[in-house]
Amino acid sequence: MVITISTILSLFLGNFGIGKESIIMVFLVGALVVTVITKGYFYGIFASIISVLIFNYFFTEPIHTFITYDTNDVILMVSFLGVSLISGTMTKRFQKQLLIAQQNEHTAILLYKITKGFLNITGQKNIIIQGIDYIYQNTHYNSRVLLLETGETYTDEHRKFITDKMTTMKIPIRGLTKKLGVMEIAYSKENFSFEHELLIKTVVTQMGLSLDREFIYNERENIRIAMEREKMHSNLLRAISHDLRTPLTGIVGASGVILENLDQLDKCNIEKLVSGINEEAIWLNSLVENILNMTRISEGKLIIQKNYEVVDDVVYEAIRHINNLAKTRNIVVSVPDEIVTLLIDGKLIVQVLINLLDNAIKHTEDNCSIFVHVYTEGDMVIFEVADNGDGIDESIRNSLFNSFVTISSNIIDDKRGIGLGLAICKAIVEAHGGSISVGKAVEGGALFTFKLPQAGGE
């Protein structure tokens, strides 16, 4: 088609007396166009030869023959053929280089996306699945990964790893210091290319580095957790020794006074000393209960035994336990008029209320009021414990439910209490499918609110 157009145009120009040198340039352009729009060298060479023959037939004497007597015409046609072949060859080389450059650019962009993708992903499984997906999306080869340390095998959940009529190859996945696993790829020899090989090796390399990074992060996290646990144990021992010594000293002292002066003490003094012993014993019992609960929580062994409990009974049971410690406080209770039941572990929820009430007692002055308010909201039961004390420092609100945090400071202070109570409250409430928060009470003090689903979070 291109040569035909060149011939028609040349004949048209020839009728206007255009010289042979100009007409042959039309054929040269036509031959170059054929070279550009076709693949390989054959069509360009063929177009050049045909163009020479057509030029010889229509434009050299004698016309309409393939014979030429004029030496200048022979030189012109040979020059045309040489220039056409050289130009066509150079054009093809340029096209090939351009195609290679485009492929290299595409490969570079793809490799950049792969590298960036692995930098932005965390989690062992996510890293491996992303590598498998990259290979399938760009080569349509299925693959799977075997981790040496755990023996786990990962494949795409949506595509089966089929090796029938396919060749398989295994590539080791290496980290910086050790071999992490093996990737097995099922591929077709006929369609396998250098680009595929480069992409697969890049994915495997990036996967290895990402997995190595994940392993290192996990090791550091485990070390950090172990150090925090060790620190927690040290704080716990220090706090327990401090908190046990004070009440035990009081119990030993009071009981010693009674034993040594039993005949001399009147009934009123004996009752006062026994009451003090009772208060210290109640507090010690609460401390031991909190320590046991925190131990169970940290070991994941906190057992929730749910039964239907009446809200009023739970609230008044907690107040009964705390009554001796709250003699100088005014506890105001507000509960629904109707009977409200909850599917809960009654003993644990009572402990939550005891901890919140004990917290309010420790951080308010004598003759202050403590308010316990319970109400329903939809399918939730809301418990509020408030006081009219000094409230809570904003700086520690976010960490208040962590272990070993007290209201007076970020670490254990000289007040009685090792900072476990609120952490235990949070764990118990969340184990029931609820939530707990802290705010400012209308009365100006602290307000602790926890919500529990009536159905028990099931």
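For the sequence shown, full-length UniProt numbering assigns the number 1 to the initial residue and increments by one for each residue that follows. Positions of the beta carbon are idealized from the N, C-alpha and C atoms, including for glycine. Predicted, not measured: the structure shown is a model, and the values here were computed from it.
T449: not part of any alpha helix (DSSP H); member of the beta strand (DSSP E) spanning A446 to P453, first to last residue. Here D358 is not near G434, since their CB atoms are 9 Å or more apart. Comparing alpha carbon positions, the residue from V34, P62 and K39 closest to I49 is V34. In this structure the stretch 166-183 lies against the stretch 205-222, because at least three pairs of beta carbons, one per stretch, are closer than 8 Å.
CA-CA distance, L110 to G300, rounds to 45 Å. Residue pairing from DSSP places T168 in a beta bridge opposite A186. By the CB criterion at 9 Å, L146 and V182 fall inside the cutoff.
In the three-state DSSP reduction, N307 falls in the strand class (E or B). For N104, the enclosing alpha helix (DSSP H) stretches over residues T71 to L119. Its chain contains G276, I277 and E280 as the residues whose beta carbon lies nearer than 8 Å to that of G250, once the 5 sequence neighbours on both sides are disregarded; these appear in chain order. Note that the C-beta distance between G346 and E317 is below 9 Å.
Residue environment analysis places P336 among the exposed positions, since fewer than 16 neighbouring C-beta atoms fall within 10 angstroms of its C-beta. Using a Cβ-Cβ distance cut-off of 8 Å, the stretch 250-262 and the stretch 215-229 are not in contact, since fewer than three pairs of beta carbons, one from each stretch, lie closer than that value. Here G131 is buried. Its C-beta has 16 or more other C-beta atoms within 10 Å. With contacts defined by Cβ atoms closer than 9 Å, K125 and Y154 form a contacting pair. Cβ neighbours of L199 within its own chain (closer than 6 Å, five residues either side excluded): N138. Residues of the same chain with a CB within less than 7 Å of the CB of I63, apart from the 5 flanking positions on each side, do not exist. Around the beta-carbon of I75, fewer than 16 other beta-carbon atoms lie within 10 Å, marking it exposed. The C-beta separation of K327 from I382 comes to about 28 Å, leaving the pair out of contact by the 8 Å criterion. Taking the Cα positions, E338 is about 51 Å away from L262. Rounded to whole angstroms, the gap between the alpha carbons of I396 and V438 is 11 Å. Per DSSP, Y136 is one residue of the alpha helix (DSSP H) stretching across Q124 to T139. In this model, G444 and I370 are separated by some 12 Å (Cα to Cα). In the structure shown, K301 falls within a coil segment according to DSSP collapsed to helix, strand and coil.
One thing to note: L32 has its Cβ no nearer than 9 Å to the Cβ of V52. A Cβ-Cβ distance of about 5 Å is found for the pair Y141 and I185, placing them in contact under the 8 Å criterion. DSSP places N191 in the coil class of the three-state scheme, outside both helix and strand.
An exposed status is given to T4, since fewer than 16 other beta-carbon atoms sit within 10 Å of its beta-carbon. Of all alpha-carbon atoms in Q95, N191 and A423, the one lying nearest the alpha-carbon of N398 is that of A423.
Inter-residue distance for V333 and H373 is about 6 Å (C-alpha atoms, whole angstroms). In this structure, V2 and G30 form a Cβ contact; the two beta carbons are roughly 5 Å apart against a cut-off of 8 Å. Annotated three-state conformation of V340 is coil, per DSSP.
Spatial neighbours of T376 in its own chain (CB-CB distance under 8 Å, excluding positions within 5 residues in sequence) are listed in chain order as P336, V340, I382 and Q454. Taken through DSSP and simplified to helix, strand or coil, A326 comes out as helix. Residue burial is scored here from C-beta neighbours: M90 has fewer than 16 other C-beta atoms within 10 angstroms and is therefore classed as exposed. Annotation: the continuous alpha helix (DSSP H) that includes V429 extends over G421 to A431.
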